[in-house]
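Protein chains: 4
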Amino acid sequence: MRATFSIGSDLHIGGDHFVVMAGPCAVESRELLFAAADAVAKSGATMLRGGAFKPRTSPMSFQGLGAEGLQLLAEASHRTGLPVVTEVMDPRDVGLVAESAGMLQVGSRNMQNFPLLREVGRQPKPVLLKRGAAATIDELLHAADYILNEGNSNVVLCERGVRGFDPSTRYVLDLAAIPVLRERTQLPIIVDPSHGTGDARYVPSMAAAAMVAGADGLLIEVHAQPELAKCDGQQALTPAIFANLMAKLRALAPLCDKNLCDRSLLRGAPDGVAGRKGDANRSNSVEDEVIAP
Amino acid sequence: MRATFSIGSDLHIGGDHFVVMAGPCAVESRELLFAAADAVAKSGATMLRGGAFKPRTSPMSFQGLGAEGLQLLAEASHRTGLPVVTEVMDPRDVGLVAESAGMLQVGSRNMQNFPLLREVGRQPKPVLLKRGAAATIDELLHAADYILNEGNSNVVLCERGVRGFDPSTRYVLDLAAIPVLRERTQLPIIVDPSHGTGDARYVPSMAAAAMVAGADGLLIEVHAQPELAKCDGQQALTPAIFANLMAKLRALAPLCDKNLCDRSLLRGAPDGVAGRKGDANRSNSVEDEVIAP
Amino acid sequence: MRATFSIGSDLHIGGDHFVVMAGPCAVESRELLFAAADAVAKSGATMLRGGAFKPRTSPMSFQGLGAEGLQLLAEASHRTGLPVVTEVMDPRDVGLVAESAGMLQVGSRNMQNFPLLREVGRQPKPVLLKRGAAATIDELLHAADYILNEGNSNVVLCERGVRGFDPSTRYVLDLAAIPVLRERTQLPIIVDPSHGTGDARYVPSMAAAAMVAGADGLLIEVHAQPELAKCDGQQALTPAIFANLMAKLRALAPLCDKNLCDRSLLRGAPDGVAGRKGDANRSNSVEDEVIAP
Amino acid sequence: MRATFSIGSDLHIGGDHFVVMAGPCAVESRELLFAAADAVAKSGATMLRGGAFKPRTSPMSFQGLGAEGLQLLAEASHRTGLPVVTEVMDPRDVGLVAESAGMLQVGSRNMQNFPLLREVGRQPKPVLLKRGAAATIDELLHAADYILNEGNSNVVLCERGVRGFDPSTRYVLDLAAIPVLRERTQLPIIVDPSHGTGDARYVPSMAAAAMVAGADGLLIEVHAQPELAKCDGQQALTPAIFANLMAKLRALAPLCDKNLCDRSLLRGAPDGVAGRKGDANRSNSVEDEVIAP
């Protein structure tokens with residue numbers, strides 16, 4: 017039996033649920049964030065992704081809007097009804113981020129940032145833990161143990177590509193990690209084909225392949241105008257291509273014994289302005305947890 | 017438009033066709049070969065794979081049955097109606113192997129064995145070219161150029177995993193190579209999840225993922241009794257698991273705009289003993305070739 | 017002109033100076049630490065290494081003695097006259113570690129822990145920045161920029177091996193990173209052959225090779241009784257082998273235009289009990305800095 | 017005791033001998049070859065390298081002069097007294113190449129070209145076997161076994177870089193392979209820093225590091241006019257830089273217990289026109305072989 021848990025009353029992760037977390041790489045402005053959020057909500061995404069604190073290779077690159085970005089994400093979540101997943105990089109920011117987000121992301125560069133892992137393990141929101149670019153699968157599981165050991169059992173693992181030698185793609189998306197992880201853990205497993213390939217042309221096929229390979233969800237970058245993105249624009253899908261991908265995933269889901277919950281139907285809000293508010297980022301309910309802390 | 021070509025009158029590769037090449041890693045004995053061949057034919061494989069000349073890391077390992085293995089493959093092909101794909105390692109053996117096989121395989125270790133590439137380019141049978149474990153996609157395409165330049169335009173490219181750092185799998189199966197190759201070449205692309213993962217537990221999910229990612233076919237190891245295999249037994253599917261996989265592929269094919277030809281239906285020979293004989297390994301017809309020499 | 021800076025009055029890093037930082041992987045007990053510290057001081061090491069906060073793959077492994085370990089390191093430094101380099105993992109610990117250490121180490125897992133990089137950039141002690149196992153050289157230099165940008169120009173870069181596919185060694189020690197870095201930066205470059213190979217048998221040859229390749233120093237694990245080490249014992253040199261290595265390095269240094277300062281001679285304290293005290297971990301002097309903040 | 021063997025009466029490989037094989041990547045013309053040959057002989061190289069049959073990634077690239085190139089190499093060998101090492105790619109060419117060369121090279125792309133390995137194992141000239149770019153050290157040793165098993169015990173192993181993720185260098189030169197190989201085999205080990213780094217700026221430091229790490233020799237590309245080279249010009253040393261490197265190696269050799277034989281002194285032919293002729297490429301003598309066939 018695979019682990020499952022919930023965010024709010026109607027978002028389930030794991031088991032036969034398939035979650036699609038979509039949105040821009042970084043929160044850049046209210047207009048761009050809302051445009052992306054509305055679009056992904058309309059197409060049936062189950063969570064909104066977006067970075068307020070951005071880990072960037074160079075200190076000269078755009079570092080994210082910080083607390084202001086968190087506030088915008090909260091507004092976008094309220095607007096669309098989609099819970100937010102967003103990255104936290106600093107153990108001192110965990111409380112702040114946990115207030116706004118439905119799920120905390122630990123990025124690939126921080127997979128072995130043990131003080132951060134412990135800190136996210138001490139708060140109740142679910143944690144998305146991304147595999148490091150040079151991390152073995154066992155190292156990923158040991159990193160998850162740091163969170164689990166603090167009492168937070170709601171950890172989602174994310175394959176996002178490992179370092180390879182071929183510049184054809186940014187990383188090598190290791191889809192075999194999905195069945196390997198399914199042998200070794202009950203934790204839900206999602207895939208990030210956006211970072212894994214670094215190229216929007218390759219994202220839809222890898223997203224569909226991940227579902228068929230047994231993933232429990234996807235993390236996908238969508239930008240209203242990718243050519244204007246301050247970060248990673250070349251890997252962001254346009255809203256139209258994302259909508260096509262969602263249709264494809266919906267068609268494949270029954271063959272994969274997966275249920276692709278369409279939150280826009282739940283809320284009767286196909287225009288992205290949801291009726292359900294406030295509890296979108298509510299702490300996870302405990303009733304359907306199956307992972308012991 | 018993707019390139020297509022045929023082997024015999026009814027086996028098409030490329031376009032909307034999906035080819036499944038299945039069989040044992042190595043030809044070990046008539047009994048084991050026929051058992052595997054009958055099983056994969058019954059489940060709907062389109063070609064029979066099997067090694068007569070085996071490239072083995074150590075000279076102490078089983079090196080294949082050589083010419084005797086080719087003869088057994090010809091018998092198995094005759095018996096099942098499935099054309100054979102088998103590896104050739106030595107440019108001096110190309111003529112011999114081309115007599116028995118419907119398609120010649122150049123293995124991953126020989127992707128840049130240029131005399132061999134030229135030699136298989138000078139004979140008319142289609143060639144399956146496997147990506148080297150440290151080869152970039154551009155290097156694979158350049159290797160294919162060595163064959164194409166000699167006048168043989170019927171080249172199928174095969175992704176079979178690249179070297180990685182995680183011992184969880186034998187290689188890292190680079191499924192993103194599929195959409196990358198589709199951007200760069202018209203040649204058909206197949207995937208070998210058996211070598212790509214090295215573990216039978218991971219083969220079905222990676223095989224299905226490859227189809228969904230846009231592959232034109234699969235190369236899969238099936239052994240009647242994997243625990244007895246002289247080579248790579250841990251990555252061979254049993255006939256029962258292979259049959260399940262074929263059912264899954266048949267269900268997925270329509271969603272991928274692929275046509276999974278069931279040769280057993282064509283021949284009314286679900287028990288693996290085909291009615292069509294003799295021309296199973298016939299040289300490819302030219303009428304539907306679209307690749308210019 | 018290469019950058020140089022000092023720790024205390026007589027320890028110089030960069031330029032024609034060659035620094036050897038040696039000691040145990042982790043501080044385990046007063047006895048073992050002092051035994052190692054005395055041994056490396058006697059053989060001519062220029063700094064004492066030792067971990068109080070240990071980043072370990074699994075939370076079940078020994079995590080270091082923490083603040084108690086820092087105290088023991090300070091005692092060992094006082095005893096031997098060797099300044100201490102020790103790792104800091106948590107931005108909240110930077111002040112604490114900076115009080116005890118002559119140099120702060122940012123480990124390979126934290127190379128892109130940007131809050132930590134900023135924090136060590138805001139305090140005056142020199143920083144040893146280790147290359148991540150999947151980091152390109154340019155990514156290492158960008159990570160150093162995070163420290164430099166905060167005003168701390170005393171950064172030492174450390175090559176310690178990148179992920180590779182061959183289990184013969186723990187990592188692939190990329191010695192070509194030395195000449196590559198010399199083309200791209202003035203910052204001093206040291207090499208950690210202990211982590212880079214993971215095997216004490218290979219450390220001496222790689223240490224000598226690093227010096228000849230142009231490194232400004234070494235980081236080497238030495239343990240009084242490697243078979244008892246709680247962490248990484250298989251890669252620790254015994255005091256006797258370390259002494260032989262130091263003799264080899266002394267012989268090679270003149271051919272590499274390097275000056276291998278023997279601190280034991282400076283202090284007339286070949287038994288490891290130094291006369292100079294108190295200022296061993298003094299903040300770096302500024303008079304010979306050549307790196308602009 | 018390390019294995020040693022001889023080429024002609026005065027060139028020894030292995031043991032305390034250090035061999036430097038230098039020359040152009042490819043034989044391009046009589047003038048350029050002789051200029052390079054004279055230069056490397058004058059600086060004290062012990063063998064002349066140069067490719068007549070060139071394995072090139074693309075069939076459109078210069079493929080070498082073939083038999084004509086072998087003839088030019090024989091002339092250059094006669095002229096300088098330096099035995100020639102040159103690559104053979106096709107098992108059908110082994111006899112031809114063995115006539116002209118003092119040592120046959122099996123290139124990295126052919127490390128697991130087993131028919132070729134067997135063929136070079138059946139002739140008496142020594143064989144230089146280069147490690148494949150994705151080959152583990154054990155795979156290299158197994159490949160050597162294919163040669164040894166045919167009765168040719170004079171195999172020299174060559175580390176030339178493995179695939180890595182950092183475009184800063186063409187490959188990752190794995191110098192730790194030297195001590196690892198010394199643990200596992202008696203066969204002599206040489207290093208090719210030219211292909212290993214792909215950049216002439218990094219070759220001298222890596223060459224010196226290889227000697228200090230325990231290598232038995234080097235394979236170095238030297239071109240009279242690198243900017244005109246038809247292949248790999250960016251990694252070729254100029255004659256002047258090669259001369260400086262030889263001086264450095266001579267200085268380091270005594271510290272490495274190595275004897276860097278200067279063949280130009282032996283022959284009183286500092287201008288590169290040797291007195292000794294005819295036997296430069298003579299088959300290896302057997303009296304000092306210590307490797308059992």
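Taken in sequence, the protein lines are chains A, B, C and D.
In this note's numbering, each number is its position in the first sequence, counted from 1, plus 16.
In this note's numbering, each number is its position in the second sequence, counted from 1, plus 16.
In this note's numbering, each number is its position in the third sequence, counted from 1, plus 16.
In this note's numbering, each number is its position in the fourth sequence, counted from 1, plus 16.
All C-beta atoms in this analysis are idealised placements derived from N, C-alpha and C, irrespective of residue type, glycine included.
These numbers come from a predicted model, not from an experiment.
Report yes if the CB atom of C:Thr201 is closer than 8 Å to the CB atom of D:Ser184, and no otherwise.
No, the pair does not count as a contact, with Cβ atoms beyond the cut-off.
Identify, in the order they occur along the chain, each residue of the same chain with its Cβ nearer than 7 Å to the Cβ of A:Leu11, setting aside the five sequence neighbours on each side.
Missing from the structure shown is residue 11 of chain A; chain A here goes from 17 to 309 and no further.
For B:Ala256, is the classification buried or exposed, using 16 other Cβ atoms within 10 angstroms of its Cβ as the cut-off for buried?
Its Cβ having fewer than 16 others within 10 Å, B:Ala256 is exposed.
Measure the CB-CB distance between A:Leu120 and A:Lys141 and report whether it falls below 8 Å.
In this structure, A:Lys141 lies closer than 8 Å to A:Leu120 by Cβ.
Hey, how far is the Cα of B:Arg95 from the Cα of B:Ala52?
Roughly 12 Å separates the two Cα atoms.
Quick one, which residues of the region 176-187 of chain C are near chain B if we go by CB-CB under 8 Å, in chain order?
For the region 176-187 of chain C, which is checked against every Cβ of chain B, the residues closer than 8 Å are Arg179, Gly180, Phe181 and Pro183.
Ordered along the chain, which non-local residues of its own chain (more than five positions away) have a Cβ less than 6 Å from that of A:Leu264?
In the sequence under discussion, the amino acid at residue 264 of chain A is Lys, which differs from the Leu named in the question. These residues qualify, in order along the chain: Ala224.
For B:Val302, count neighbouring C-beta atoms within 10 Å of its own C-beta (all shown protein chains included) and say buried if the count is 16 or more, exposed if not.
Annotation note: pLDDT 34 at B:Val302 (below 50); position unreliable, coordinate value reported separately. Exposed is the call here.
Examine chain C for any beta-carbon lying closer than 8 Å to the beta-carbon of A:Asn170, and answer yes or no.
No - not a single Cβ of chain C is within 8 Å of the one on A:Asn170.
Can you tell which of C:His239, C:Ala149, C:Ile163 and C:Thr62 has its C-alpha closest to the C-alpha of C:Arg266?
Residue C:Thr62 is the option with its Cα nearest to C:Arg266.
Going by beta carbon distance, what residues of the same chain come within less than 7 Å of A:Gly249, once the five residues before and after it are set aside?
So the qualifying residues of the chain are His239, Pro242 and Glu243.
Could you work out which residue in B:Leu271, B:Asp273, B:Thr254 and B:Lys274 is closest to B:Ala38 when comparing CA atoms only?
It is B:Thr254 whose Cα lies nearest to the Cα of B:Ala38.
Looking at C-alpha atoms only, which residue of A:Ser93, A:Asp54 and A:Arg125 is the closest neighbour of A:Val104?
For the residues A:Ser93, A:Asp54 and A:Arg125, the minimum Cα distance to A:Val104 belongs to A:Arg125.
Quick check on the burial criterion: 16 or more other C-beta atoms within 10 angstroms. Buried or exposed for C:Gly284?
Residue confidence is low: C:Gly284 scores 45 on pLDDT, short of 50, so the model does not pin down where it sits. Its coordinate-derived value is still stated next. C:Gly284 should be labelled exposed.
Beta carbons nearer than 8 Å to chain B: which residues of the region 254-269 of chain A have them?
Hits within the stretch, in order: Lys264, Ala267 and Leu268.
Rounded to whole angstroms, how far is the Cβ of B:Leu173 from the Cβ of B:Leu203, which I believe are closer than 8 Å?
That pair is a contact at about 5 Å.
Do you know how far the Cα of B:Arg134 is from the Cα of B:Gly67?
Approximately 21 Å between the Cα atoms of the pair.
If we cut at 8 Å on Cβ distances, does B:Ser221 have a partner in chain A?
Yes - at least one Cβ of chain A is within 8 Å of the one on B:Ser221.
D:Gly230 CB to nearest chain C CB: under 8 Å?
Judged by the 8 Å Cβ criterion, D:Gly230 is in contact with chain C.
What is the DSSP secondary structure of C:Asn260, counted as helix, strand or coil?
DSSP places C:Asn260 in helix when its eight states are reduced to three.
Should C:Asp32 go down as buried or exposed, given a rule of 16 or more other Cβ atoms within 10 Å for buried?
Answer is exposed; the Cβ neighbour count stays below 16.
Step through the CB atoms of chain C and report whether any lies within less than 8 Å of the CB of D:Leu203.
It does not; no Cβ of chain C falls within 8 Å.
Could you spell out the range, first to last residue, of the alpha helix (DSSP H) harbouring A:Ala83?
Unbroken alpha helix (DSSP H) run through A:Ala83: Ala83 to Thr96.
I want to verify the contact list: residues of chain C whose CB lies under 8 Å from the CB of A:Glu155, in sequence order.
Under the 8 Å cutoff, chain C gives Thr73.
Please identify the residue among A:Val143, A:Gly137, A:Ala193 and A:Gly180 whose C-alpha is closest to the C-alpha of A:Glu155.
Checked all of A:Val143, A:Gly137, A:Ala193 and A:Gly180; the closest Cα to A:Glu155 is A:Ala193.
Identify every run of the alpha helix (DSSP H) within the region 98-145 of chain A, keeping only runs that are complete inside it and at least 4 residues long; order them along the chain.
Segments of the alpha helix (DSSP H) lying fully in the region 98-145 of chain A: 110-116 and 130-137.
Quick check on C:Ser127: buried or exposed, where buried means 16 or more other Cβ atoms within 10 Å of its Cβ?
According to the sequence provided, residue 127 of chain C is Met. The question's Ser does not apply to it. Result: buried.
So is A:Met76 buried or exposed if we call it buried at 16+ other beta carbons inside 10 Å?
That one is exposed.
Is DSSP giving B:Val207 helix, strand or coil here?
The answer is strand: DSSP assigns B:Val207 an E or B state.
If you compare alpha carbons, which of C:Ala231, C:Tyr187, C:Thr213 and C:Asp190 is closest to C:Ile206?
The shortest Cα separation from C:Ile206 among C:Ala231, C:Tyr187, C:Thr213 and C:Asp190 belongs to C:Ala231.
Please classify C:Pro99: is it buried, with 16 or more other beta-carbons within 10 angstroms of its beta-carbon, or exposed?
Buried.
By DSSP, does B:Glu237 sit in helix, in strand, or in coil?
Strand at B:Glu237.
Does DSSP put A:Cys41 in a helix, a strand or coil?
Coil at A:Cys41, not helix or strand.
Output, in chain order, the set of chain C residues within a Cβ distance shorter than 8 Å of A:Asp106.
Chain C residues near A:Asp106: Pro107 and Pro131.
Would you tell me roughly how many angstroms separate the C-alpha atoms of C:Asp161 and B:Pro270, rounded to the nearest one?
Distance between the alpha carbons of C:Asp161 and B:Pro270 is about 52 Å.
Tell me whether the beta-carbon of C:Met222 lies closer than 8 Å to the beta-carbon of C:Cys272.
In this structure, C:Cys272 does not lie closer than 8 Å to C:Met222 by Cβ.
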